[in-house]
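Residue numbers (this note's numbering): 3 to 125. Quick notes on the structure that follows.
Quick look at the structure:
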């Protein structure tokens, strides 16, 4: 059974992953919380049991804001990310639900399918 209570996660910053020279996504990162790690571990196990490939990267709580192109991040993009990080300083991420998605990469572009959603109880 997955936990149904999710405490707010303090925002850690805004980042470009995997690196500004090779950007894929812009994310808001959150500080580690045991409940989030536990949930990620359980959801990963459910996905593997359903036949999906295991995630090999370490879990880092985050919210994806945008997918970006394969070119290096411009100075304007880096400045916007820095401004967003300052604006979010001291804020928290509050979750009402979590969804498990599978991504597919057909020729016409990436597509995402929601496999399941779990609602949280209000704190």
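Just so you know, even glycine gets a beta-carbon here, dropped at the ideal spot from N, CA and C.
(message) By alpha-carbon positions, which one of 117, 120, 72 and 94 ends up nearest to residue 28?
(response) 72
Original post:
Per the contact definition of three or more C-beta pairs closer than 8 Å, is the stretch 98-116 in contact with the stretch 10-22?
Top reply: no
For the pair the stretch 33-45 and the stretch 76-85, tell me if three or more CB-CB distances fall below 8 Å. no
Q) Out of curiosity, what's the CA-to-CA distance linking residue 17 and residue 58? A) 20 Å
- Query: If we count the other Cβ atoms within 10 Å of its Cβ and call it buried at 16 or more, is residue 3 buried or exposed?
  - Reply: The predicted model places residue 3 with a pLDDT of 43, which falls under 50 and marks its position as unreliable; any figure quoted below should be read in that light. Under this definition residue 3 is an exposed residue.
ask   = What are the boundary residues of the alpha helix (DSSP H) that residue 91 is part of?
value = Element bounds for residue 91: n/a, residue is neither H nor E.
Residues near residue 94 by beta carbon distance below 7 Å, same chain, minus five either side
10, 11, 12 and 13
### Message
What ranges does the beta strand (DSSP E) occupy inside the stretch 15-56, keeping only unbroken runs of at least 3 residues that lie completely in it?
### Response
24-32
Review point. Can you list, in chain order, the residues of its chain whose CB lies under 7 Å from that of residue 65, leaving out five sequence neighbours each side?
Key: 29, 30 and 95
- prompt: Quick one: Cα of residue 86 to Cα of residue 116, how far?
  reply: 28 Å
On the premise that residue 54 lies in contact with residue 100, defined as a C-beta separation below 8 Å, what is that separation, rounded to the nearest angstrom? No, residue 100 and residue 54 are not in contact; Cβ-Cβ is about 16 Å, not under 8 Å.
Next item on the list: Could you have a look at residue 3 and say whether DSSP puts it in helix, strand or coil?
Entry: Its pLDDT being 43, under 50, residue 3 is placed unreliably in this model, and the coordinates cannot settle the point.
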